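Chemist:
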Amino acid sequence: MLELYDNPSRIRVRDKFFRLYLSRDQIDEIVSGIAGRIDHDYSGKTPLFLGILNGAFIFASDLLRKLQVQSEISFVKYSSYHGMASAETVNRLIGLNEKVNGRDVIILEDIVDTGLTMAKLLEDLKEYSPTSVKIACFCFKKAAFRENFSIDYCGLEIPKLFVVGYGLDYNGAGRNFPDIYQLDETV
Ligand code: 5GP
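When we follow numbering that gives the first Met the number 0, the leftmost residue of the sequence shown carries the number 0, and every step to the right adds one.
1. Would you kindly work out how many angstroms separate the C-alpha atoms of ILE51 and THR185, rounded to a whole number?
2. Measure the CB-CB distance between PHE48 and ALA34 and report whether it falls below 8 Å.
3. Would you say the beta carbon of LEU160 comes nearer than 7 Å to a heavy atom of ligand 1?
4. State the beta-bridge partners of GLN181 as determined by DSSP.
5. Comparing alpha-carbon positions, which option in TYR77, ASP103 and MET83 lies nearest ARG91?
6. Here's the rule I'm using: 16 or more other beta-carbon atoms within 10 Å means buried, otherwise exposed. How should ARG102 be labelled?
7. Between the Cα of SER73 and the Cα atoms of ASN53, GLN67, LYS159 and GLY82, which residue gives the shortest distance?
8. Leaving out five residues before and five after PHE148 in sequence, what residues of the same chain have Cβ atoms less than 8 Å from its Cβ?
9. In the structure shown, what three-state DSSP assignment does PHE176 receive?
10. Between which two residues does the beta strand (DSSP E) holding ALA118 run?
11. At a cut-off of 7 Å, is LEU19 close to ligand 1 when judged by its beta-carbon and the heavy atoms of the ligand?
12. For ligand 1, is there a heavy atom less than 7 Å away from the beta-carbon of VAL112?
13. Hey, which unbroken runs of the alpha helix (DSSP H) at 4 residues or more fall wholly within the stretch 48–74?
14. Using only CA atoms, which one of PRO129, TYR165, MET83 and LEU95 lies nearest to VAL104?
15. Does the contact criterion of 3 or more C-beta pairs under 8 Å hold for the stretch 64–72 versus the stretch 155–168?
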């Protein structure tokens, strides 16, 4: 328990060590910035957020609680990442069950890495004819990006690091850390 609340500079998740990359205060500031921009752009509208599980659940809940605009949220689930590497194929595990037709959709993603997961969701969304689709992601690994969609609300660009915490896992563990940690390969 101490580990979570003590803001440790180094943590262990399964067989790996990670060091502090982004503190909860920095995260909070980034999420507030995204919320402010969405409030500004969607004033008078009721966007439908689509969170991508599992990673985006914490970002989504923090962001929604900071928003002033009325909104709705649903989740989709895709699998693409195995261990610390992005897979070449993306499988849809939970699909769209909301009426997205005619809605202003904002996709919420924790990290855009290669962009494959997002590209698959964007492709799937075309079937449902939303009025508009925008993308909000907490962080973006620009150097790993292989697609050509644009990100409308990007919290932070990060280098090609492997990070955990704030919803992000290493083999299923580590999502509950309030801060974000990067893989520490010096140990
Ligand atoms: P993409 O399809 O863009 O390559 O990968 C997107 C998904 O991979 C993200 O939603 C996230 O779940 C996972 N991912 C990408 N980079 C990282 C990372 O550095 N750490 C963790 N834990 N997951 C990542």
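Note that beta-carbon positions come from the ideal geometry of N, C-alpha and C, so glycine has one too.
Quick caveat, the model's predicted, so the values are computed rather than measured.
Modeler: The answer reads as follows:
1. CA-to-CA, the gap between ILE51 and THR185 works out to about 32 Å.
2. No, they are not a contact pair.
3. Indeed, a heavy atom of ligand 1 lies less than 7 Å from the Cβ.
4. Note: GLN181 sits in a beta bridge opposite ARG18 and VAL162.
5. Residue TYR77 is the option with its Cα nearest to ARG91.
6. When all chains shown are included, ARG102 counts as buried.
7. The shortest Cα separation from SER73 among ASN53, GLN67, LYS159 and GLY82 belongs to ASN53.
8. Closer than 8 Å at Cβ, skipping near neighbours: GLY114, MET117, ALA118, LEU121 and ILE134.
9. Note: PHE176 maps to coil in three-state DSSP.
10. Counting along the chain, ALA118 sits inside no beta strand (DSSP E); it lies in the alpha helix (DSSP H) bounded by residues 115–125.
11. The answer is no for LEU19.
12. Looking at the sequence shown, residue 112 is not Val but Asp. Indeed, a heavy atom of ligand 1 lies less than 7 Å from the Cβ.
13. Listed in chain order, they are 56–65.
14. Taking the Cα of VAL104 as reference, the smallest distance to any Cα among PRO129, TYR165, MET83 and LEU95 is reached at PRO129.
15. Result no; under three Cβ-Cβ pairs closer than 8 Å.
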